[in-house]
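This report refers to the structure that appears directly beneath it.
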Amino acid sequence: MSDTPADQAQIILASASPRRRELLDQIGIRYRVAAADIDESPLANETPDALVQRLALAKARAIWTRSAKTLPVLGADTLGQLGDELLVKPTDCADARRMLRTMAGRKHEILSGVAVCSAAGEQVLVCRSTVWLRAMSEAEIQAYWDSGEPADKAGAYAIQGLGAVFVERLEGSYSAVMGLPLFETAAMLAAAGVHPLQQLSRTA
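In the working numbering, the protein residues as written are -8 to 195.
Below is the structure:
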């Protein structure tokens, strides 16, 4: 997981998320990080789909407008939804326990917004995935909280970590649940002129 020197980067990642960095590493994209600081509060009557797309695009735009405009900028935003409730990061142990208790034995949706700003223009989309969590005991929920993993995770769990033991089923994109849908991201970057497989073939 590395922030590439500026003269070697293919894109700018408008996020400090270590999970998004890991996913870009996975597909061989060289990036430098310039995290965007924006207000992420939902607008009145804004749907979850519209929210993640707006925030992803706002992050990409914020970095693009102050960049040299030589590299595409990738922005992303991810949240969960269970019924009418948005699954954000828990405020404390009690909030995490409540979230996990509510999600246990049920399905919820993960929405990942992705945006790319480049000389070719702006692209934005949302990827929707459905996750089923198995039933959990109170002891398991407490032990999971005590591991430290849920504290900074939307929905209070991480599919790529210990939380995987609770994931019974997934429909959609595993990488999107982590925070960045790789299939869609690769296609958007290709449209902006960044092709990871071509880069790998030149270095082979």
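All C-beta atoms, glycine included, are put in the ideal place defined by N, C-alpha and C.
- Remark: C-beta atoms of residue 175 and residue 118 approach each other more closely than 9 Å.
- With respect to residue 44, residue 88 sits apart: the two C-beta atoms are not nearer than 9 Å.
- For residue 66, the closest of 42, 86, 26 by C-alpha to C-alpha distance is 26.
- Note that the C-beta distance between residue 167 and residue 78 is not below 9 Å.
- Less than 9 Å separates the beta-carbon of residue 101 from that of residue 121.
- A check of alpha carbon separations from residue 29 across 155, 109, 7, 38 identifies 7 as the nearest.
- If you check the CB distance, residue 61 and residue 76 do not come in under 9 Å.
- It is roughly 29 Å from the alpha-carbon of residue 91 to the alpha-carbon of residue 17.
- In the structure shown, residue 150 falls within a coil segment according to DSSP collapsed to helix, strand and coil.
- Per DSSP, reduced to three states, the secondary structure at residue 120 is strand.
- The DSSP-derived three-state label of residue 109 is strand.
- For residue 143, DSSP records no beta bridge to any residue.
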